[in-house]
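Everything on this sheet refers to the single structure shown next.
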Amino acid sequence: MMQEPERTCITCRTKKSKSELFRFVELNGKVFYDRKKRMNGRGYYICQGRGCLEKCLKDRSLKRVFKNRTIDIDELKELLTFGGVV
Ligand SMILES: [Zn+2]
Numbered sequence: 003m004m005q006e007p008e009r010t011c012i013t014c015r016t017k018k019s020k021s022e023l024f025r026f027v028e029l030n031g032k033v034f035y036d037r038k039k040r041m042n043g044r045g046y047y048i049c050q051g052r053g054c055l056e057k058c059l060k061d062r063s064l065k066r067v068f069k070n071r072t073i074d075i076d077e078l079k080e081l082l083t084f085g086g087v088v
């Protein structure tokens with residue numbers, strides 16, 4: 003049986019299976035929300051649900067992780083408003 007790999011949420015540092023996390027990918031110095039969890043590049047994970055995403059937007063932990071790279075904050079906000087957020 004294949005075990006699902008675990009990843010750590012960059013906001014709360016909790017380990018969860020990939021299916022329970024949003025994935026973000028760094029590509030050419032920009033950060034993208036990886037909707038299908040299939041993009042190449044280094045991945046970062048945040049818990050699904052409002053809590054960690056909102057916290058991350060607030061304290062900018064994602065920005066800290068990605069240092070000075072561009073992150074699409076609008077896309078994060080869209081995530082909060084629409085799909086996938088419980
Ligand atoms: Zn979390």
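Going by the working numbering, the first residue of the sequence shown is number 3, and it counts up by one from there. Just so you know, even glycine gets a beta-carbon here, dropped at the ideal spot from N, CA and C.
Alpha-carbon to alpha-carbon, residue j and residue i
i	j	result
L59	R40	23 Å
K20	E56	19 Å
E28	R9	16 Å
F26	G45	5 Å
N30	C14	26 Å
beta-carbon residue i near ligand 1 non-hydrogen atom, thresh 8 Å
i	result
I53	The question names Ile, but residue 53 is Gly in the sequence shown. Yes.
Strand pairing of residue i, partner residues [DSSP]
i	result
G45	V27
S19	E8
Residue i and residue j closer than 9 Å at C-beta
i	j	result
C11	Y47	yes
K18	C49	yes
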